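Reading through the structure tokens given below for one structure.
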Amino acid sequence: MAIEMVYFAWVREAIGRDGETVDPPDDVTTLGALVDWLAQRGDGYREALGDPDRLRGAVDQVFAPFDASIEGVKEVALFPPVTGG
Amino acid sequence: MTIEIRLQQEQFDVARELALLEAGDAGAVASFTGIVRGDDDVEALELEHYPGMTEKALTALAEEASERWAVSGLTIVHRVGKLQKGEPIVFVGTASAHRADAIEAMHFLIDRLKTDAPFWKREHLTAGGARWVEARQADEAARRRWM
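Those sequence lines, one after another, are chains G and E.
Residue 305 in the working numbering is what sits at position 78 of the first sequence, and the numbering runs on without skipping anything.
Residue 176 in the working numbering is what sits at position 129 of the second sequence, and the numbering runs on without skipping anything.
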């Protein structure tokens, strides 16, 4: 199940790229589990994703909580709390 | 009902945006303009956004406002990219037959825009370097008023 990841702001900077295609194992079924799985990929990922309180996400371009399902989704975004306006 | 939503790098003209809302003969026009603050150690502000989702999020907010209040015109203009101190960054304007609807819809939009649309601010410092702006608790409290 390939998912297009997109990263913004300091999450993008810490990971060192603005997006990538990932293929998580079958038991990764929620946004939170995907974050935990990605965080194990290395230093930049751990820095970006290690503290869920500082992290927000969107599933297929809609804000989503960490218990949201990612089954069958196309695009997942991870980013800091928003600061527009 | 006219909804106008724009994301743009270039400056916008507040007088022109207001004139377009006023041209609808609605009776009442309310607006908010956000300006890049002149904090001493900040040289410029940079706005990052999520292309695709940002437009959808602003449209959803505009639709919610038009369902909750009797507005005939609604404009959201948000700039992206690098902005200098003193430049306008965001404009929200509403037109309605009555002032309460115009003012409340405008207030709702600017509060919710801060918490419900994917933008991120980065400050470029006069001493060199840059820092990401942290989200404020007060913005989340303001959001809850509209629940």
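We put the CB at the ideal spot given by N, CA and C, even for glycine.
Model, not experiment: these values are computed from the prediction.
- Burial of Asp148 of chain E is indicated by the presence of at least 16 other C-beta atoms within 10 angstroms of its C-beta.
- Taking C-beta separations shorter than 8 Å and ignoring five residues to either side along the sequence, the partners of Ala144 of chain E in its chain run Ala73, Gly74, Ala75, Ala117 and Ser119, following chain order.
- With the rule of 3 Cβ pairs closer than 8 Å, the region 61–68 of chain E does not count as touching the region 177–187 of chain E.
- Residue range Met100 to Arg115 is occupied by the alpha helix (DSSP H) that includes Met100 of chain E.
- Taking 8 Å as the upper bound for CB-CB distance, Val233 of chain G and Gly243 of chain G are not in contact here, some 14 Å apart.
- By the criterion of a C-beta distance shorter than 6 Å, Ala236 of chain G is surrounded in its chain by Phe306 and Pro307, once the five residues flanking it on both sides are discounted.
- Here the region 96–106 of chain E makes no contact with the region 80–88 of chain E; the two share fewer than three CB pairs at distances below 8 Å.
- Here Glu69 of chain E carries a helix assignment [DSSP, helix/strand/coil].
- The secondary-structure analysis by DSSP pairs Pro165 of chain E with nothing; it has no beta-bridge partner.
- Non-local beta-carbon contacts of Ala229 of chain G in its own chain, meaning distances under 6 Å to residues more than five positions away in sequence, involve Thr248 and Asp250 in chain order.
- Fewer than three beta-carbon pairs drawn from the region 272–285 of chain G and the region 53–60 of chain E are found closer than 8 Å, and the two stretches are therefore not classed as touching.
- In this structure His171 of chain E is in contact with Glu93 of chain E, their Cβ atoms being roughly 6 Å apart against a cut-off of 8 Å.
- Residue burial is scored here from C-beta neighbours: Pro165 of chain E has at least 16 other C-beta atoms within 10 angstroms and is therefore classed as buried.
- Spatial neighbours of Ile123 of chain E in its own chain (CB-CB distance under 6 Å, excluding positions within 5 residues in sequence) are listed in chain order as Ile52, Leu105 and Val139.
- As computed with DSSP, Trp179 of chain E is found in a beta bridge with E:Arg169.
- A Cβ-Cβ contact shorter than 9 Å links Arg169 of chain E with Trp179 of chain E.
- In the assembly as shown, Gln288 of chain G is a buried residue. Its beta-carbon has 16 or more other beta-carbons within 10 Å.
- Against chain E, the CB of Pro307 of chain G has a partner CB under 9 Å away; the residue lies at that interface.
- Membership of Arg283 of chain G in the beta strand (DSSP E) is indicated by the continuous run Arg283 to Val286.
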